[in-house]
Amino acid sequence: MTSIGFIGLGHMGGPMAANLLKAGHAVRGYDLVAELLDTAAAQGILPSHSLEDVVEGCDVVITMLPAGNHVISVWNQLVAVVPAGTLLIDCSTIDIESARVAHNLAQQHGCPSLDAPVSGGTSGAQAASLTFMAGGEDEAFAAAKPLLQAMGKTIIHCGGAAMGQAAKICNNMILGISMIAVSEAFILADKLGLSQQSLFDVASVSSGQCWSLTTYCPVPGPVPTSPANRDYQPGFAAALMLKDLILSQDAAATAGVTTSLGHEAMALYQRFNDAGGTAKDFSAIIEMLRKSQ
Ligand code: NAD
């Protein structure tokens, strides 16, 4: 049994902390939102009302926060109160630079650290079936792995500091681009008189096959479980896709790399969010693309 302090009990962090508890670990939880502490307490997590309290007696601290500035602010406070040797794991999706800053903070205070962003969404968080992409030293990864396995199914060590975030950003750039590609293909098929089902039947077993087509198909019908069949309720919200595409373009600019389609995908998702698509599933971008014909 490991004593874990979990900071950030939102849509993802709440169920992730609950799964650590179910796996037999001692879990303390902290969030700025009082109702989330009540929900955590009802599940058996020990609620904490301060950052100092949540780390009390913990071997490991996990953060699951909105963005890089939150992570840096919390980790700055963490390293001031946890003993050297405490393992710090950040599971948030954040920019590469902030991830590097967080690792450096931990290193300066003698704490092993890991960036371990996830994919799999809220359903994966609840079902403990998340994919973790981890960056950090081998020792930190080895110590964290059993805990990540309690929250996820696939755990991949991607390399050193910030390489988990790099993997997440690159993966989601593929996802954003491929959803737009699949949407455009359905729009074109429609104009050519080709039925949606026929396009799906061919592309899903041909070289056009991809996750955006076969799991999150943006038109209702061919994949009954895709968000298109429930008026595009997320799933994976368009606001989060935009966030990840912006991270990809920040990373590309810093690395001096041009990703033309990544840039165009970001611009289209920005337009979709500005037009009110924020809370819809990201596959709903097909509606905007269709309207602009
Ligand atoms: P969320 O907004 O539901 O949860 C974040 C929580 O952090 C909030 O409850 C907030 O009150 C808390 N918080 C913020 N600052 C804090 C502080 N200083 N101290 C304590 N608590 C603080 O967000 P989420 O959907 O759980 O996402 C968390 C992270 O996971 C994000 O980086 C997101 O991009 C990533 N992610 C989300 C999904 C998803 O489907 N929701 C999927 C993959 C990755």
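Take the sequence shown: its letter number 96 is residue 95 in numbering that gives the first Met the number 0, and every next letter is one higher.
In this text, a Cβ means the ideal position worked out from N, Cα and C, and glycines have one as well.
For P46, is the classification buried or exposed, using 16 other Cβ atoms within 10 angstroms of its Cβ as the cut-off for buried?
That one is buried.
Could you tell me the distance, in whole angstroms, from the CA atom of L147 to the CA atom of A133?
If you take the alpha carbons of L147 and A133, they lie about 10 Å apart.
How far does the alpha helix (DSSP H) with K21 in it reach, from first residue to last?
Where K21 is concerned, the enclosing alpha helix (DSSP H) stretches over G12 to K21.
Please tell me whether, using a cut-off of 7 Å, the distance from the CB of S293 to the nearest non-hydrogen atom of ligand 1 is below it.
Residue 293 falls outside the range modelled here, since the chain spans only 0 to 292, and no answer is possible.
I need the DSSP call for D137, collapsed to helix, strand or coil.
Reduced to three states, the DSSP call for D137 is helix.
Cutting at 6 Å between CB atoms, please list the residues of its own chain near D94, excluding the five before and the five after it.
Correct list, in chain order: G67, L246 and D249.
Whole-angstrom distance between S205 and I88, CA atom to CA atom:
In a straight line, the C-alpha of I88 is about 40 Å away from that of S205.
Would you check whether ligand 1 has a heavy atom nearer than 7 Å to the C-beta of M132?
No; taking the cut-off as 7 Å, the Cβ of M132 has no heavy atom of ligand 1 nearer than that.
With a floor of 3 residues, list each beta strand (DSSP E) that falls wholly inside the stretch 54-100, ordered by position along the chain.
For the stretch 54-100, whole beta strand (DSSP E) runs of length 3 or above, ordered along the chain, are 59-62 and 86-89.
Can you list, in chain order, the residues of its chain with a C-beta nearer than 6 Å to that of Q76? Leave out the 5 residues immediately preceding and following it.
So the qualifying residues of the chain are L50.
Return the chain-ordered list of same chain residues with a C-beta closer than 8 Å to the C-beta of Q208, the five sequence neighbours on each side being excluded.
The residues A202, in chain order, have a CB closer than 8 Å to that of Q208 in the same chain once the five nearest residues on each side in sequence are set aside.
Contained alpha helix (DSSP H) runs [length at least 4] in the stretch 136-165, N- to C-terminal order
If one requires a minimum length of 4 residues, the alpha helix (DSSP H) runs lying completely within the stretch 136-165 are 137-150, in chain order.
Determine the closest residue to R229 out of P217, A254, M240 and R289, with distance taken between C-alpha atoms.
Distances from the CA of R229 to each of P217, A254, M240 and R289 were compared; the closest alpha carbon is that of P217.
Measure the alpha-carbon distance for D52 versus L129 and round it to whole angstroms.
Answer to the nearest angstrom: the Cα atoms are 28 Å apart.
Simplified DSSP assignment, three categories, for M172
Residue state for M172 is assigned as helix, using DSSP reduced to three classes.
Of the choices A264, V256, P233 and S197, whose alpha-carbon is the least far from that of I176?
Nearest C-alpha to I176: A264.
C-alpha gap between M178 and C169, whole angstroms:
About 14 Å.
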